[in-house]
Amino acid sequence: MNNVLPFNQASFTSDDIILLDTSFILNSLGYNNNVSLESECNSLIASISMANAICCIPQIAKTELLHIIKSGIFKKNGYDTENKIKILRDSNPILFQQIYGQAQSSVDSYFNTLYNNEIIFPKGVGNLDEELFELSKKIADDFMMQGTYDSVLIATAVKEKINYIATTDKDFCNINIKNLNILLDSGNYRKHYNLNNVQTIREYK
Numbered sequence: 289m290n291n292v293l294p295f296n297q298a299s300f301t302s303d304d305i306i307l308l309d310t311s312f313i314l315n316s317l318g319y320n321n322n323v324s325l326e327s328e329c330n331s332l333i334a335s336i337s338m339a340n341a342i343c344c345i346p347q348i349a350k351t352e353l354l355h356i357i358k359s360g361i362f363k364k365n366g367y368d369t370e371n372k373i374k375i376l377r378d379s380n381p382i383l384f385q386q387i388y389g390q391a392q393s394s395v396d397s398y399f400n401t402l403y404n405n406e407i408i409f410p411k412g413v414g415n416l417d418e419e420l421f422e423l424s425k426k427i428a429d430d431f432m433m434q435g436t437y438d439s440v441l442i443a444t445a446v447k448e449k450i451n452y453i454a455t456t457d458k459d460f461c462n463i464n465i466k467n468l469n470i471l472l473d474s475g476n477y478r479k480h481y482n483l484n485n486v487q488t489i490r491e492y493k
């Protein structure tokens, strides 16, 4: 059985460290306009605070957040494919830079909000070095993960000996790593465990 818990079943001590996934960060800040999920994320943060535990943010999160927010702004402006974005960049570089600047400003604002919370460690964790990327490749292979961000996030937790990842992304449900607990919102937790009767039993060592 994977070490996956819904937010409301997590119990923390002052020794615990919780790594925040970008999906959790965005939902906790209301980016996706999901009021119930925002409330659930912030309730978890309150529980962490009451236990005097610490949240931290992976170094790679800022790049990932910029990509997500930038893509969202491009899409709202009608540039919903990579090809359209490339055409805009070549044909109207001023507008392209304006959209990019708007996304960067949003990311900076989000991080200012996050780091003003005293339970959040005031700088990113996980140096993006060769050792981290080699570990992330191994994790990606072991758990057949697609994309780079998720495996780097998990590698950061393993390397830094962090015992929790808070996420609203059910893709983390099949990760089974000793001493690493995945905290998932109740909606995705129910969906995953209602639809999947056979759980991954591989354990990463």
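The sequence shown lines up with residues 289 to 493 when you count with the working numbering.
Just so you know, even glycine gets a beta-carbon here, dropped at the ideal spot from N, CA and C.
Short Cβ contact (8 Å threshold) for residue i with residue j
| i | j | result |
| --- | --- | --- |
| G414 | K466 | no |
| F312 | T456 | yes |
| N451 | I305 | yes |
| I442 | L471 | no |
| N321 | S474 | no |
| L332 | V395 | no |
| L468 | Y398 | no |
| S335 | A298 | yes |
| A339 | S302 | yes |
| L402 | I345 | yes |
| K350 | G412 | yes |
| N476 | K458 | yes |
Burial state of residue i, where buried means 16 or more other Cβ atoms lie within 10 Å
| i | result |
| --- | --- |
| L308 | buried |
| L420 | buried |
| V440 | buried |
| E352 | buried |
| S424 | buried |
| I382 | exposed |
| T369 | exposed |
Three-way DSSP call (helix, strand, coil) for residue i in this model
| i | result |
| --- | --- |
| N482 | helix |
| Y367 | coil |
| T455 | strand |
| L545 | There is simply no residue 545 to check, as the chain begins at 289 and stops at 493 in what is shown. |
| L376 | helix |
| N469 | strand |
| P381 | helix |
| L293 | strand |
| I450 | coil |
| R342 | Checking the sequence shown, residue 342 turns out to be Ile, not Arg. I342 falls in the strand class under three-state DSSP. |
Identity of the residue in the options nearest residue i by Cα
| i | options | result |
| --- | --- | --- |
| I408 | V323, E326 and A341 | A341 |
| V292 | V440, A334 and N464 | N464 |
| F460 | I357, F431 and M338 | F431 |
| D417 | S324, L402 and Q347 | Q347 |
| T310 | K449, Y437 and P410 | Y437 |
| N462 | Y481, T444 and S324 | Y481 |
Heavy atom of the ligand ZN within 7 Å of residue i beta-carbon
| i | result |
| --- | --- |
| T456 | Looking for the ligand ZN in the displayed structure turns up nothing, as the structure carries no ligands at all. |
Practice prompt. Spell out a yes or no on whether the segment 341 to 361 and the segment 379 to 393 are touching, meaning 3 or more CB-CB pairs, one atom from each, closer than 8 Å.
Written response: Yes: the two stretches touch, three or more of their Cβ pairs being nearer than 8 Å.
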